[in-house]
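Visitor: Take this structure first; my questions come after.
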Amino acid sequence: MSASDAPATARLTAHLHRRARWRWPEIVFWLAILALIFALPSRAGIINEALIAGLFALSLDLILGLTGILSLGHAAFLGLGAYSAAILATRGFADPMLGLAFGAGIAALVGLVTAPLLLRGGDLTRLMVTLGVSLMLGELANRNGWLTGGADGLNFSIAPVLALFPIGFTGQRNAALYSFAVLFILVVIARRLACSPFGLALAAIRENRLRAGALGVGASRRIVAIYTVAAAYAGAAGALLAQTTQIVSLDLFDFHRSADVMLMLIIGGAGYLYGGLIGAAAFIVLRDVVSAATPEYWEFWIGLALVILVLAGRERIAAAPRRLIALIAPRAAPRGVA
Amino acid sequence: MLTILLDGVAYGMLLFVLASGLSVTLGLMNFINLAHGAFAMIGGYVTALLMNRAGVPFLATLPAAFLIPAILGVALERTLYRRLYGASPLDQVLFTIGLVLMAMPIAAYLIGDEPQQVHLPAWLSGRIEIHGVGIGVYRLFIIVVCGAIAAALQVFLIKTRFGAQLRAAVDDARVAQGLGINVDRIFAIAFVVGSGLAGLGGALAADVVGGIDPSFPVKFLVTFLIVVTIGGSNGIMGALFGSLLLGVLDVAGKYYAPSIGAFIIYAVMVATLIVRPQGLFAAGDGR
Numbered sequence: 063m064s065a066s067d068a069p070a071t072a073r074l075t076a077h078l079h080r081r082a083r084w085r086w087p088e089i090v091f092w093l094a095i096l097a098l099i100f101a102l103p104s105r106a107g108i109i110n111e112a113l114i115a116g117l118f119a120l121s122l123d124l125i126l127g128l129t130g131i132l133s134l135g136h137a138a139f140l141g142l143g144a145y146s147a148a149i150l151a152t153r154g155f156a157d158p159m160l161g162l163a164f165g166a167g168i169a170a171l172v173g174l175v176t177a178p179l180l181l182r183g184g185d186l187t188r189l190m191v192t193l194g195v196s197l198m199l200g201e202l203a204n205r206n207g208w209l210t211g212g213a214d215g216l217n218f219s220i221a222p223v224l225a226l227f228p229i230g231f232t233g234q235r236n237a238a239l240y241s242f243a244v245l246f247i248l249v250v251i252a253r254r255l256a257c258s259p260f261g262l263a264l265a266a267i268r269e270n271r272l273r274a275g276a277l278g279v280g281a282s283r284r285i286v287a288i289y290t291v292a293a294a295y296a297g298a299a300g301a302l303l304a305q306t307t308q309i310v311s312l313d314l315f316d317f318h319r320s321a322d323v324m325l326m327l328i329i330g331g332a333g334y335l336y337g338g339l340i341g342a343a344a345f346i347v348l349r350d351v352v353s354a355a356t357p358e359y360w361e362f363w364i365g366l367a368l369v370i371l372v373l374a375g376r377e378r379i380a381a382a383p384r385r386l387i388a389l390i391a392p393r394a395a396p397r398g399v400a
Numbered sequence: 004m005l006t007i008l009l010d011g012v013a014y015g016m017l018l019f020v021l022a023s024g025l026s027v028t029l030g031l032m033n034f035i036n037l038a039h040g041a042f043a044m045i046g047g048y049v050t051a052l053l054m055n056r057a058g059v060p061f062l063a064t065l066p067a068a069f070l071i072p073a074i075l076g077v078a079l080e081r082t083l084y085r086r087l088y089g090a091s092p093l094d095q096v097l098f099t100i101g102l103v104l105m106a107m108p109i110a111a112y113l114i115g116d117e118p119q120q121v122h123l124p125a126w127l128s129g130r131i132e133i134h135g136v137g138i139g140v141y142r143l144f145i146i147v148v149c150g151a152i153a154a155a156l157q158v159f160l161i162k163t164r165f166g167a168q169l170r171a172a173v174d175d176a177r178v179a180q181g182l183g184i185n186v187d188r189i190f191a192i193a194f195v196v197g198s199g200l201a202g203l204g205g206a207l208a209a210d211v212v213g214g215i216d217p218s219f220p221v222k223f224l225v226t227f228l229i230v231v232t233i234g235g236s237n238g239i240m241g242a243l244f245g246s247l248l249l250g251v252l253d254v255a256g257k258y259y260a261p262s263i264g265a266f267i268i269y270a271v272m273v274a275t276l277i278v279r280p281q282g283l284f285a286a287g288d289g290r
């Protein structure tokens, strides 16, 4: 490294350090969730659902928001994680942590194997490949009933977390706390990732793949790497979902799961990690409210919201919460490269 | 054996009529219209409802099954779709998924969740034997009608001035525009015809797929996309061969290897995308 590079490197390091610092709105955010779990024990089920959906949306954010890879088949990894954890539990390994690691691991493995498919072609090709992979996995799960229970799905029981806290219908609050802990740890890791040189490289690939390549930032290996991580995250979300509901069904691989998670991420805004969490919470609450009023037709309102969102300018709306944060705490808002 | 082949061809022909509009919109404007199946659903409903509630004969409902989705198509194209032609693929996907999500509850609300059956007239049901090969009359009817449509489209594209303009616009919209071709108008017309064909396809498919219900757009969305992927997005012939291949593979797969079922067509699609991302039958390189 030549001497003239030194100030630039120092600036870059300082920039990354600045970005990696915890801001108080983040701390408030996490404390608020924790408080919510304890304050509303009767609503622990829906909070748990929102946390898991948030983790799933976060995983999509890693590839869509950070790297700019469009996926319409992210449910593949949710289903994989859920079924892996469930199958492990039915085979007598009922420890939740083990199931969680196993689910995430299997999903990561499949993510690693399928990621090279994303390197060719344009956005449409990627949409099709991801959709195709998720449909293939769904069909495999459907046809291999001896392993997955086929159309009936699987029912199983799960041991208490750390052998102390039972989760499931009798321990909804424990389940929410368990999901909260997992989500928090994974967000910390994702933050670390996004504020690393690797995260910067991903942003460069997202903004202009050709130019990033010309600067010596090769896309292929980085895309495979982040896709594998995202798959592991989605697998963890699936495992959590399976363990806290103690049931898995083919619906986990469904197209609508992939569409829903994309919607959640878009509602919250992609690219700053918290968008998925906020969007998922909004989505779940919205669905709860709307479907209580019109149980059959709530999809209509989601569709309408999407159409309006796009026509009104997704960028402008998505930027609103960030602008709000910037208004309240100017130093907390995420910034571009200085 | 031949019966299965013919069934597959009939199914493939049907897929072609359903998906040809999609392949044109995709090739022309690189527009990802995931709501294409909604137009097919509307066409199916038009035929089913006209037959069941108004007693109109089957053949007489088909023009309506073409026209109503086409009119809806022109309305949506002029008001909403055209705003998104230059937009990012993500926006297009979100917008068209939104339309699908709206179309399904509307159908459920207006018509109901249960599938609407199309009762074929007597002269179209039953089976006949040709040289010892049995085939359903309706399958034969589909092959003839859809074959005629495909031939007409191909002649139209090759022989007419509009066809030449359309092909030019598909090849390179900017240069075509520069040469004085009104690409915007061509796209609108192609979109409308494509929507109408989807409606017609939906009407013809209603019997084959066991009735039209509100989940039709999502159930067949994937199939359409596979057709377009395998066929490549430029030209009617690519879409036709893609549809036929898919139809035969799907029917044969379900007959000979029911245990892997739909797996085959997904595997073919992914394999196609790996080997030739621009489509099996595409002439040039994909964009």
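So the protein sequences, as listed, match chains A and B. Everything in the first sequence is counted per this note's numbering, starting at 63 for the first residue and increasing by one. Everything in the second sequence is counted per this note's numbering, starting at 4 for the first residue and increasing by one. All residues carry an ideal CB built from backbone N, CA and C; glycine is no exception.
(1) On the three-state DSSP scale, how would you describe Gly-233(A)?
(2) Keeping to the same chain, check which residues put their C-beta closer than 7 Å to that of Asp-34(A); ignore five residues upstream and five downstream.
(3) In the DSSP assignment, the alpha helix (DSSP H) including Ile-109(A) goes from what residue to what residue?
(4) Name the residue from Leu-9(B), Met-272(B), Ala-270(B) whose alpha carbon lies nearest to the alpha carbon of Ile-133(B).
(5) Can at least three beta-carbon pairs, one atom from the segment 140-154 of chain B and one from the segment 17-27 of chain B, be found at a separation below 8 Å?
(6) By Cβ distance below 8 Å, which residues in the same chain neighbour Arg-205(A) in space, the five residues on each side in sequence not counted?
(7) In terms of residues, what are the limits of the alpha helix (DSSP H) holding Ile-146(B)?
(8) In the structure shown, what three-state DSSP assignment does Val-223(A) receive?
(9) Short check: CB of Gly-402(A) to CB of Asp-123(A), under 8 Å?
(10) Could you name the residues of the same chain whose beta carbon sits closer than 7 Å to that of Pro-92(B), not counting the 5 residues immediately before and after it, in chain order?
(11) Just the C-alpha distance for Ala-63(B) and Ile-74(B), rounded to the nearest angstrom, thanks.
(12) Span of the beta strand (DSSP E) holding Ile-74(B)?
(13) Any chance you could list the alpha helix (DSSP H) runs of at least 4 consecutive residues sitting entirely within the segment 295-383 of chain A, in chain order?
(14) Rounding to the nearest angstrom, what Cα-Cα distance links Ala-67(B) and Met-16(B) in this structure?
(15) Exposed or buried, which one is Met-4(B) when buried takes at least 16 other CB atoms within 10 Å?
(16) Please identify the residue among Gly-143(A), Ala-94(A), Leu-120(A) whose C-alpha is closest to the C-alpha of Gly-331(A).
(17) In angstroms with no decimal places, state the Cα-to-Cα distance between Ile-251(A) and Thr-290(A).
(18) Find out if the Cβ-Cβ distance for the pair Val-204(B), Gly-46(B) is shorter than 8 Å.
(19) So, does the CB of Asp-123(A) fall closer than 8 Å to a CB anywhere in chain B?
(20) CB Leu-202(A) to CB Leu-314(A), shorter than 8 Å?
(21) Can you give me the Cβ contacts of Ala-292(A) inside the same chain, cut-off strictly under 6 Å, excluding the 5 residues immediately before and after it?
(22) Just the chain A side, please: which residues come within less than 8 Å of Ala-270(B) by C-beta, in chain order?
(23) Classify Arg-319(A) as buried or exposed, calling it buried when 16 or more other Cβ atoms lie within 10 Å of its own Cβ.
(24) Straight-line CA distance for Val-225(B) to Tyr-359(A)?
(25) Which word fits Val-96(B), buried or exposed, when buried means at least 16 other C-beta atoms lie within 10 angstroms of its C-beta?
(26) Can you name, in chain order, every residue of its own chain whose Cβ lies under 6 Å from the Cβ of Leu-150(A), other than the five neighbours on each side?
(27) Taking the alpha-carbon positions, what's the Gly-375(A) to Ala-51(B) distance?
(28) Between Phe-266(B) and Gly-76(B), which are expected to be in contact by the criterion C-beta below 8 Å, what is the C-beta distance as a whole number of angstroms?
(29) Please list, in chain order, the chain A residues whose beta carbon lies closer than 9 Å to that of Pro-108(B).
(30) My output table needs one value for Ile-149(A): the three-state DSSP class, helix, strand or coil.
(31) What does DSSP give as the partner residue(s) for Arg-130(B) in the beta ladder?
(32) For Ile-184(B), name the three-state secondary structure that DSSP assigns.
(33) Please report whether the beta-carbon of Asp-185(A) lies at a distance below 8 Å from any beta-carbon of chain B.
(34) Taking the Cβ atom as the reference point for each residue, do Gln-308(A) and Asn-217(A) lie within a distance shorter than 8 Å?
(35) Alpha carbon to alpha carbon, how far is Leu-128(A) from Val-286(A)? Give it in angstroms, no decimals.
(36) Note the first and the last residue of the continuous alpha helix (DSSP H) segment covering Val-212(B).
Guide: Let me lay it out:
(1) One-based indexing of the first sequence puts residue 233(A) at position 171. Gly-233(A): strand per DSSP, three-state reduction.
(2) Residue 34(A) lies beyond the range of chain A shown here (63 to 400); nothing can be said about it.
(3) Numbered from its first residue, the first sequence carries residue 109(A) at position 47. Run containing Ile-109(A): 106-123, per the alpha helix (DSSP H) assignment.
(4) On the second sequence, position 130 is the one that residue 133(B) refers to. Taking only the C-alpha atoms, the option nearest Ile-133(B) is Leu-9(B).
(5) Yes, the segment 140-154 of chain B touches the segment 17-27 of chain B.
(6) Translated into the one-based positions of the first sequence, residue 205(A) becomes position 143. For Arg-205(A), where only same-chain residues beyond five positions count, the Cβ hits under 8 Å are Gly-212.
(7) Position 143 of the second sequence, counted from the first residue, corresponds to residue 146(B). Bounds of the alpha helix (DSSP H) holding Ile-146(B) are 140-162.
(8) Taking the first residue of the first sequence as position 1, residue 223(A) is located at position 161. Looking at Val-223(A) - three-state DSSP - the assignment turns out to be strand.
(9) Coverage of chain A is limited to positions 63 through 400, which leaves residue 402(A) absent and any answer about it impossible.
(10) Numbered from 1 along the second sequence, position 89 holds the residue referred to as residue 92(B). Counting only Cβ-Cβ distances below 7 Å, and skipping sequence neighbours, we find Ile-35.
(11) Along the second sequence, read from residue 1 onward, the residue named residue 63(B) stands at position 60. Along the second sequence, read from residue 1 onward, the residue named residue 74(B) stands at position 71. Computed Cα separation, rounded: 18 Å.
(12) On the second sequence, position 71 is the one that residue 74(B) refers to. Unbroken run through Ile-74(B) is the alpha helix (DSSP H), 61-82; no beta strand (DSSP E).
(13) Along the segment 295-383 of chain A, the alpha helix (DSSP H) occurs as fully enclosed runs of 4 or more residues at 317-330, 336-355, 360-374, listed in sequence order.
(14) Your numbering for residue 67(B) matches position 64 in the second sequence. Your numbering for residue 16(B) matches position 13 in the second sequence. Taking the straight line joining both Cα atoms gives about 20 Å.
(15) Taking the first residue of the second sequence as 1, we reach residue 4(B) at position 1. Counting every other CB atom within 10 Å of its CB across the protein chains shown gives Met-4(B) a total below 16, marking it as exposed.
(16) Taking the first sequence and counting its residues from 1, the one referred to as residue 331(A) is at position 269. Of the candidates Gly-143(A), Ala-94(A), Leu-120(A), the residue whose Cα lies closest to the Cα of Gly-331(A) is Leu-120(A).
(17) Here the question's residue 251(A) lines up with position 189 in the first sequence. Here the question's residue 290(A) lines up with position 228 in the first sequence. Between the alpha carbons of Ile-251(A) and Thr-290(A) lies a distance of about 14 Å.
(18) The residue given as residue 204(B) occupies position 201 in the second sequence. The residue given as residue 46(B) occupies position 43 in the second sequence. Here residue 204(B) turns out to be Gly, not Val, going by the sequence shown. Between Gly-204(B) and Gly-46(B), the CB-CB gap stays under 8 Å.
(19) Here the question's residue 123(A) lines up with position 61 in the first sequence. No, no contact with chain B.
(20) Looking up residue 202(A) in the first sequence gives position 140. Looking up residue 314(A) in the first sequence gives position 252. Contact: no.
(21) Here residue 292(A) refers to the residue found at position 230 when the first sequence is read from its first residue. Result list for Ala-292(A): Ser-121, Leu-124, Ile-125, in chain order.
(22) Here the question's residue 270(B) lines up with position 267 in the second sequence. Met-198, listed in chain order.
(23) The count along the first sequence starts at 1 and reaches residue 319(A) at position 257. Arg-319(A) comes out buried.
(24) On the second sequence, position 222 is the one that residue 225(B) refers to. On the first sequence, position 297 is the one that residue 359(A) refers to. Annotation: Val-225(B) to Tyr-359(A) spans about 23 Å, alpha carbon to alpha carbon.
(25) Locating residue 96(B) in the second sequence gives position 93, where the first residue counts as 1. It is buried - the Cβ of Val-96(B) has at least 16 other Cβ atoms within 10 Å.
(26) Position 88 of the first sequence, counted from the first residue, corresponds to residue 150(A). By the criterion of a C-beta distance shorter than 6 Å, Leu-150(A) is surrounded in its chain by Gly-161, Phe-164, once the five residues flanking it on both sides are discounted.
(27) Position 313 of the first sequence, counted from the start, is the residue given in the question as residue 375(A). Position 48 of the second sequence, counted from the start, is the residue given in the question as residue 51(B). If I take the Cα positions, the gap works out to 38 Å.
(28) On the second sequence, position 263 is the one that residue 266(B) refers to. On the second sequence, position 73 is the one that residue 76(B) refers to. Taking C-beta atoms under 8 Å as the contact rule, Phe-266(B) and Gly-76(B) fail to qualify, at a distance of about 34 Å.
(29) The residue given as residue 108(B) occupies position 105 in the second sequence. Those within 9 Å of Pro-108(B) in chain A are Thr-356, Glu-358, Tyr-359, Trp-360, Glu-361, Phe-362, Trp-363, Gly-365.
(30) Reading the first sequence from its first residue, position 87 is the one you call residue 149(A). Note: Ile-149(A) maps to helix in three-state DSSP.
(31) Locating residue 130(B) in the second sequence gives position 127, where the first residue counts as 1. Note: Arg-130(B) sits in a beta bridge opposite Gly-139(B).
(32) Sequence index remark: in the second sequence, residue 184(B) carries index 181 (1-based). Three-state result, Ile-184(B): coil.
(33) Stepping through the first sequence from its first residue, residue 185(A) is reached at position 123. Asp-185(A) counts as touching chain B.
(34) Here residue 308(A) refers to the residue found at position 246 when the first sequence is read from its first residue. Here residue 217(A) refers to the residue found at position 155 when the first sequence is read from its first residue. Their beta carbons are under 8 Å apart, which means Gln-308(A) touches Asn-217(A) by this criterion.
(35) Translated into the one-based positions of the first sequence, residue 286(A) becomes position 224. Translated into the one-based positions of the first sequence, residue 128(A) becomes position 66. C-alpha separation (whole angstroms): 13 Å.
(36) By one-based count along the second sequence, residue 212(B) stands at place 209. Counting along the chain, Val-212(B) falls outside any alpha helix (DSSP H), and DSSP gives it neither H nor E.
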